[in-house]
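In this note's numbering, the protein residues as written are 36 to 386. Even glycine gets a Cβ: it sits at the ideal position worked out from N, Cα and C. Fair warning: this is a prediction, and the values are worked out from it, not measured in the lab. Read the structure below first, then the notes.
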Ligand SMILES: *[C@@H]1O[C@H](CO)[C@@H](O)[C@H](O)[C@H]1NC(C)=O
Ligand SMILES: [Ca+2]
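Below you can see the structure in the form of structure tokens.
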């Protein structure tokens, strides 16, 4: 694809190259600087965040504001602690007017909860509004812009389980699950269904309680949205979501937020690095890529509201068992008849 020429993604995919580069850089910057030798990437400090988190929430005009339970620690910004019913957020104060960019998120999700007893995950935002607490991973619903969710709790699956419903295997997902949503303010995020009705795409990403660093990257180039994960400790980007024709206005804010409910986790952000990507456009593309005023996705067809299969009623179950039995008996009888016929025939052949 077009993007293979760009950015650190391709280079980072090549493990050996990465290792060399890491040795060469010899820095604690991590693998995210694979594109350091290339001139089309510029770190934008006004939209980036890293240790020791100077300019977060303090001073007269901090670059980043904290909301709710979010707090500065020595090693991270903790959006929520591993405590029930918390919500926190971290918002960039400077609107972003870049056309093509890449946001690299170094995060960590960890806690005491065992398998599927932890939640709810975190979100990364590029939205019109900022600092608006709400139900969508600690941010407002009916947001305007892009949301990327690292959802650690399978609400829909758990609900189905308690209702003893069958789940069609094609629909079932392994969590944590990463998904993306673009909204013009009209859509609600359906928390009970883990956002399935409005998602642009997604992938499973096992990110909890890992000893190595975990990263997510959102790349937006020529209206092409790409989301990749580096969570296996191999310094490689793995594809997660790719959507063409995503129209995002300029001048929105980057942020990240998180929420806990009955279940909890520490949701930590270690760094946010925003790179400006300089991309050449043909005059046609220039015309095509004019500024927009509302977020949208070309040819967006939201998946059908596929309701999970209803539970089998007693009668249906009885009928299925009954007809299975009838069919089995029938099959056995036919089998016996055919067998005796065949035996007779072969006997006839012998005599
Ligand atoms: C907003 O998005 C919804 C759902 O994608 C769409 O039906 C509606 O037309 C959009 N509104 C505007 C003003 O573009
Ligand atoms: Ca969920």
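Checking the 7 Å criterion, the Cβ of residue 106 is out of range of every heavy atom belonging to ligand 1. Straight-line spacing of the CA atoms in residue 314 and residue 170 works out to 36 Å. Between residue 177 and residue 223, the gap from beta carbon to beta carbon is short of 8 Å. At the C-beta level, residue 328 and residue 284 come within 8 Å of one another. With distances taken between CA atoms, residue 129 lies nearest to 97 out of 269, 111, 266, 97. Approximately 7 Å separates the beta-carbon atoms of residue 156 and residue 211; this is inside 8 Å, confirming the contact. Between the region 115-133 and the region 264-279, the count of C-beta pairs closer than 8 Å stays below three; the two stretches do not touch.
In its own chain, leaving out the 5 sequence neighbours on each side, no residue places its CB closer than 6 Å to the CB of residue 350.
Distance between residue 193 and residue 234, taken at the CA atoms: about 19 Å.
For the alpha helix (DSSP H) assignment, the uninterrupted runs of no fewer than 4 residues enclosed by the region 173-238 are, from N- to C-terminal side, 190-197. Nearest neighbour of residue 288 by Cα position, chosen from 254, 165, 231, 279, turns out to be 165. For residue 143, there is no enclosing alpha helix (DSSP H); the residue is part of the beta strand (DSSP E) that begins and ends at 136-145. Collapsing the DSSP output to three states places residue 375 in a helix. Those residues having their beta-carbon less than 5 Å away from any non-hydrogen atom of ligand 1 are, in chain order, 219, 221. By the Cβ-count criterion, residue 374 is exposed, with fewer than 16 other Cβ atoms from all chains shown falling within 10 Å of its own Cβ. Measuring C-alpha to C-alpha distances from residue 258 to each of 272, 324, 317 identifies 324 as the nearest. Here residue 306 carries a strand assignment [DSSP, helix/strand/coil]. Taking every residue with its beta carbon within less than 5 Å of a heavy atom belonging to ligand 2 gives, in chain order, 186, 188, 190, 229. Scanning 247, 108, 254, 219 for the CA closest to the CA of residue 312 turns up 254. In the structure shown, residue 357 adopts helical secondary structure according to DSSP, grouped into three states. In the structure shown, residue 380 adopts helical secondary structure according to DSSP, grouped into three states. Relative to the Cα of residue 138, the nearest Cα in the group 232, 290, 368 belongs to 290. Judged by beta-carbon spacing, residue 180 lies within the 8 Å limit of residue 160, meaning their Cβ atoms are closer than that value.
By the criterion of a C-beta distance shorter than 6 Å, residue 274 is surrounded in its chain by 263, once the five residues flanking it on both sides are discounted. If you draw a straight line from the Cα of residue 226 to the Cα of residue 372, it is about 59 Å long. Straight-line spacing of the CA atoms in residue 182 and residue 322 works out to 27 Å. For residue 241, the three-state secondary structure derived from DSSP is coil. According to the DSSP assignment, residue 320 belongs to the alpha helix (DSSP H) that extends over 318-323.
Between residue 220 and residue 187, the alpha-carbon positions lie close to 25 Å from each other.
Each residue's CA atom was taken as its position, placing residue 232 and residue 245 some 30 Å apart. The Cβ atoms of residue 184 and residue 304 do not sit closer than 8 Å to each other. Nearest neighbour of residue 299 by Cα position, chosen from 115, 358, 309, 282, turns out to be 115.
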